[in-house]
């Protein structure tokens, strides 16, 4: 599948789909909780369906629909009867690893080609130190993975420089351990996503102590309580529309976002404001975004790595130099997004170079042409957004990847006149 985009003037309003990060946490939480939980307005995409399939394999009763109802396992997930295939979902993989460590049986976790390239050794080692047995099938710390619980708790050190999802997995599983757990964390990135996880633990009535995000104490023998929650709009998905309006110097209304939510990617509003974009609130609670003359700057993306592809595309249309920094973990996503975005934007005529931890972009006039999305949903959508400001049309291959998180991407772009 290919997406073709060309110079556009955008208008109208768009309702942003709900948060993948919240929806996957909700599926895991409901599956481990006692009783029946209800998820209103969930995101239904390939990633969230992967989470549903995994937790069904662990014994939860789940029906995916416009409202998801889950009968949980009370912290006692069942052995899976088959290999648990997480497809392309890194978030689901890491959280499911912690769940597998609660089971007194071997669980085999795998995924597609991209997922099998994801590093998992720090989390495997942490689970082993907490009492589980862990193996990587190829000895490289990457899926396929084999995990045998139950973990019992204890004291561990964790390097959080690669992804916050290792810590999220432990925070979701350690409350069910037989004993208490102490986690000492160094170099933690993506802090807002840990705030999101901790907010979930608060709502699930879980006790823990957080000492300046460097040390966590989690009492054992706890149980998640059942819940009824509505999922908020996804700032990661919204970023493509905010940047599309920016690139095309258009005004659109974006609906469904909660500015008080913990999602790290809401920081894109602050970055775009510094670049010269104007934001205002509509009468019905939406956000108006108005693009205009842009100027570059230096922006720290350590808390919002998923915005790197679309901000790199946007920076091509800014005056002067833009540096996107402190986001080395973007190399460990579905693709090495730093390298991939440099390569593909260069094909469109961008003046761009790789940094060890990000990108440096000199504003220039993009010409258009054929590029590869590398089967990475955020790369595909970022390049499609770039095409809206190019002299000639842009054609992006492997566009079916948008189904991973944003199946309605093309439809909603067309709705705003793209």
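Residue numbers (my numbering): 97 to 514. The beta carbon of each residue, even a glycine, is placed where N, CA and C say it ideally should be.
With DSSP collapsed to three states, give me the class of residue i.
{"i": "residue 466", "result": "strand"}
{"i": "residue 323", "result": "coil"}
{"i": "residue 156", "result": "coil"}
{"i": "residue 374", "result": "strand"}
{"i": "residue 234", "result": "coil"}
{"i": "residue 190", "result": "helix"}
{"i": "residue 242", "result": "strand"}
{"i": "residue 257", "result": "coil"}
{"i": "residue 445", "result": "coil"}
{"i": "residue 493", "result": "strand"}
{"i": "residue 389", "result": "coil"}
{"i": "residue 402", "result": "helix"}
{"i": "residue 137", "result": "coil"}
{"i": "residue 285", "result": "coil"}
For residue i, I'd like the list of residues in its chain whose CB is within less than 6 Å of its CB, leaving aside the five on either flank, ordered along the chain.
{"i": "residue 152", "result": "158"}
{"i": "residue 309", "result": "284"}
{"i": "residue 478", "result": "405, 406, 409"}
Leaving aside the five residues before and after residue i along the sequence, list all residues of the same chain whose C-beta is less than 8 Å from its C-beta, in chain order.
{"i": "residue 484", "result": "101, 102, 103, 104, 106, 340, 343, 344, 514"}
{"i": "residue 240", "result": "179, 204, 205, 206, 212, 232, 233, 234"}
{"i": "residue 193", "result": "205, 216, 219, 220, 223, 241, 243, 265"}
{"i": "residue 136", "result": "163, 324, 325, 326, 327"}
I believe residue i touches residue j by the beta-carbon criterion, under 8 Å. Please report the beta-carbon distance rounded to the nearest angstrom.
{"i": "residue 459", "j": "residue 414", "result": "5 Å"}
{"i": "residue 330", "j": "residue 160", "result": "Actually they are not in contact, since the Cβ atoms of residue 330 and residue 160 sit about 17 Å apart, beyond 8 Å."}
{"i": "residue 249", "j": "residue 274", "result": "6 Å"}
{"i": "residue 424", "j": "residue 433", "result": "Actually they do not touch by this definition, with Cβ atoms about 11 Å apart."}
Can you give me the C-alpha to C-alpha distance between residue i and residue j, rounded to a whole angstrom?
{"i": "residue 133", "j": "residue 489", "result": "46 Å"}
{"i": "residue 283", "j": "residue 299", "result": "27 Å"}
{"i": "residue 503", "j": "residue 398", "result": "27 Å"}
{"i": "residue 376", "j": "residue 509", "result": "21 Å"}
{"i": "residue 291", "j": "residue 493", "result": "36 Å"}
{"i": "residue 353", "j": "residue 333", "result": "10 Å"}
{"i": "residue 451", "j": "residue 420", "result": "9 Å"}
{"i": "residue 187", "j": "residue 428", "result": "13 Å"}
{"i": "residue 210", "j": "residue 181", "result": "13 Å"}
{"i": "residue 388", "j": "residue 195", "result": "47 Å"}
{"i": "residue 454", "j": "residue 116", "result": "24 Å"}
{"i": "residue 142", "j": "residue 507", "result": "17 Å"}
{"i": "residue 372", "j": "residue 390", "result": "5 Å"}
Between residue i and chain C, is the shortest Cβ-Cβ distance under 9 Å, so that the two count as touching?
{"i": "residue 372", "result": "Structure shown: chain C not included; a single protein chain is present."}
Less than 7 Å between C-beta atoms, sequence neighbours within five positions excluded: which residues of the same chain meet that for residue i?
{"i": "residue 238", "result": "212, 213, 214, 215, 216, 232"}
Over what stretch of residues does the beta strand (DSSP E) that includes residue i continue unbroken?
{"i": "residue 455", "result": "454 to 458"}
{"i": "residue 312", "result": "311 to 314"}
{"i": "residue 282", "result": "277 to 282"}
{"i": "residue 515", "result": "No answer is possible for residue 515: the residues shown for the chain start at 97 and end at 514."}
{"i": "residue 396", "result": "394 to 396"}
{"i": "residue 111", "result": "109 to 111"}
{"i": "residue 165", "result": "163 to 167"}
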